[in-house]
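Asks: For the sequence shown, the numbering used here begins at 1 and goes up steadily by one.
Idealized CB from N, CA, C, for every residue including glycine.
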Amino acid sequence: VEQKMPTPQKGAPAAAGLCCASRSKGKGATIRSVHEGEGKNWREAFCSWCYEETVHYHIAQTQSWLCDACKGRTTESQTSGDCMARLEGKGRRTVCAKAEPQWQQILARKRQVLAEDRSVNQIKYEMTRESPTRQLAASSGMLRPFVLLVSMTPSLRALLAVQLGLSPLSQSSFGDPHEEAWQILSHKRGLRTTCVVGINKLNPFASPPDWVGCLNHMAVTQFVPSYMDWGDMFSSERMDRDDSQQECSRVHSVKVDKYETEILEKIAKQQR
Numbered sequence: 001v002e003q004k005m006p007t008p009q010k011g012a013p014a015a016a017g018l019c020c021a022s023r024s025k026g027k028g029a030t031i032r033s034v035h036e037g038e039g040k041n042w043r044e045a046f047c048s049w050c051y052e053e054t055v056h057y058h059i060a061q062t063q064s065w066l067c068d069a070c071k072g073r074t075t076e077s078q079t080s081g082d083c084m085a086r087l088e089g090k091g092r093r094t095v096c097a098k099a100e101p102q103w104q105q106i107l108a109r110k111r112q113v114l115a116e117d118r119s120v121n122q123i124k125y126e127m128t129r130e131s132p133t134r135q136l137a138a139s140s141g142m143l144r145p146f147v148l149l150v151s152m153t154p155s156l157r158a159l160l161a162v163q164l165g166l167s168p169l170s171q172s173s174f175g176d177p178h179e180e181a182w183q184i185l186s187h188k189r190g191l192r193t194t195c196v197v198g199i200n201k202l203n204p205f206a207s208p209p210d211w212v213g214c215l216n217h218m219a220v221t222q223f224v225p226s227y228m229d230w231g232d233m234f235s236s237e238r239m240d241r242d243d244s245q246q247e248c249s250r251v252h253s254v255k256v257d258k259y260e261t262e263i264l265e266k267i268a269k270q271q272r
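Dropping the structure here:
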């Protein structure tokens, strides 16, 4: 997967907020002013996911809310009236950021990391340097998505992690692209786990899927109906376990390139 990286202006600091900052807050407008007249299904509060003062929308017929900035699920905090707690897992665990003793240090660390300059040379260095987590990604067939995640901005990685139900800002590894990328891929609520289906969920000895296995999961569940064959929907040959292990062991693969492009084209068509 190739990602075009714009050349940042030298000395220009990155934005301090998440890339998922409240989309409805325009220039010169306050959070409250842009939401006036929308009823009582929203509230302004500190988000325990993205550590920002954001708007939270109530999800009908539930006790859950949704952060307008990071799209993390929240609920009203029992300890802090100006903070929304994050709902972790399947909503069984609530964590209020301001109830944590180190929350101000976490916020300061977040602002520091997101404000750091990222030159093209630095990005290339992170994409090519060796590390224990890179070796784990390579040995598990997840090197391609690992390198792609490493190339992203910290704010975009944080947004992806929140969508998976992870809380990257509160982790000591926040700020290390390799550690962040591997957590997104390998956590028990990470990308690979979402692609484990059927009896394999109950089998502790089942091997988690490699990158092609994750793509196969998406292809079958989203684009190949049960009444159609693989060849009816895809021109790319479906790779078996041996083929995928060989192709996923390296960053560059013509077969995987073609497969990824075909899936992206189908996703783009669905979004038109």
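So for F223, helix, strand or coil by DSSP?
Replies: As a first step, residue 223 must be located in the sequence shown, where it is residue number 223. DSSP places F223 in helix when its eight states are reduced to three.
Asks: Any heavy atom of the ligand MG inside 6 Å of the beta-carbon of M233?
Replies: No copy of the ligand MG occurs in the structure displayed, which carries no ligand at all.
Asks: Whole angstroms are fine: how far does the CA of R241 sit from the CA of P154?
Replies: Position 154 of the sequence shown, counting from 1, holds the residue named residue 154. Position 241 of the sequence shown, counting from 1, holds the residue named residue 241. Their backbone Cα atoms lie some 33 Å apart in a straight line.
Asks: Reducing DSSP to helix, strand and coil, say where A60 ends up.
Replies: As a working mapping, residue 60 is identified with position 60 in the sequence shown. Three-state DSSP puts A60 in coil, outside helix and strand.
Asks: Does DSSP put W42 in a helix, in a strand, or in coil?
Replies: Against the sequence shown, residue 42 aligns to sequence position 42. In the structure shown, W42 sits in a strand (DSSP, three-state: E or B).
Asks: Mind checking S24: buried by the 16 CB within 10 Å criterion, or exposed?
Replies: Here residue 24 corresponds to residue number 24 of the sequence shown, with the count starting at 1. Because S24 sits at a pLDDT of 49, beneath the cut-off of 50, its placement in the model cannot be relied upon, and the point is left open.
Asks: From W42 to Y57, what distance separates their C-alpha atoms?
Replies: Position 42 of the sequence shown holds residue 42. Position 57 of the sequence shown holds residue 57. W42 and Y57 have their C-alpha atoms spaced approximately 4 Å apart.
Asks: Quick check on N203: buried or exposed, where buried means 16 or more other Cβ atoms within 10 Å of its Cβ?
Replies: The sequence position of residue 203 within the sequence shown is 203, counting from 1. Label assigned to N203: exposed.
Asks: Counting pairs of Cβ atoms below 8 Å between the region 113-127 and the region 73-83, do you hit three or more?
Replies: no
Asks: Is the region 214-234 touching the region 106-115, taking contact as three or more C-beta pairs under 8 Å?
Replies: Fewer than three beta-carbon pairs drawn from the region 214-234 and the region 106-115 are found closer than 8 Å, and the two stretches are therefore not classed as touching.
Asks: When you compare each of A181, S172, C67, D176 to I106 by their alpha carbons, which one comes out closest?
Replies: As a position in the sequence shown, residue 106 is number 106, starting the count at 1. When each option's Cα is compared against that of I106, the closest is S172.
Asks: Identify, in the order they occur along the chain, each residue of the same chain with its Cβ nearer than 6 Å to the Cβ of M162, setting aside the five sequence neighbours on each side.
Replies: What you label residue 162 is simply residue 162 of the sequence shown in a count that begins at 1. Sequence check: residue 162 is Val here, not Met. Same-chain partners within the cutoff: W49, C70, G72.
Asks: Beta strand (DSSP E) containing W182: first to last residue?
Replies: Numbered from its first residue, the sequence shown carries residue 182 at position 182. For W182, there is no enclosing beta strand (DSSP E); the residue is part of the alpha helix (DSSP H) that begins and ends at 177-186.
Asks: By the 10 Å Cβ neighbour count, where 16 or more other Cβ atoms means buried, how is L264 classified, buried or exposed?
Replies: Numbered from 1 along the sequence shown, position 264 holds the residue referred to as residue 264. Counting Cβ neighbours within 10 Å, L264 comes out exposed, since fewer than 16 surround it.
Asks: Report the three-state DSSP secondary structure of C70 (helix, strand or coil).
Replies: Position 70 of the sequence shown holds residue 70. Residue state, collapsed to three classes: coil.
Asks: Please classify T54 as buried or exposed, where buried requires at least 16 neighbouring CB atoms within 10 angstroms.
Replies: For the purposes of this step, residue 54 is identified with residue 54 of the sequence shown, where counting begins at 1. T54 should be labelled buried.
Asks: Alpha carbon to alpha carbon, what distance is there between C195 and V256?
Replies: By one-based count along the sequence shown, residue 256 stands at place 256. By one-based count along the sequence shown, residue 195 stands at place 195. Pairing V256 with C195, the inter-Cα distance amounts to about 17 Å.
Asks: Quick one: what's got a C-beta closer than 7 Å to R134's C-beta in the same chain, skipping five residues either side?
Replies: The residue you call residue 134 lines up with position 134 of the sequence shown. Taken in chain order, the residues that qualify are F146, H178.
Asks: With DSSP run on the structure shown, which of helix, strand or coil describes R250?
Replies: In the sequence shown, residue 250 corresponds to position 250, counting from 1. Coil, per DSSP.
Asks: Does any CB atom of chain D fall closer than 7 Å to the CB of Q222?
Replies: The structure shown has no chain D; it contains just one protein chain.
Asks: Are there 16 or more other CB atoms within 10 angstroms of the CB of A219, so buried, or fewer, so exposed?
Replies: Looking up residue 219 in the sequence shown gives position 219. Classification of A219: buried, given that the 10 Å Cβ count is 16 or more.
Asks: Locate the alpha helix (DSSP H) running through M233, then write down its first and last residues.
Replies: Residue numbering aside, residue 233 sits at position 233 when the sequence shown is read from its first letter. First-last of the alpha helix (DSSP H) with M233: 230-233.
Asks: Tell me which residue opens and which closes the alpha helix (DSSP H) that V150 is part of.
Replies: Your numbering for residue 150 matches position 150 in the sequence shown. Residues 143-151.
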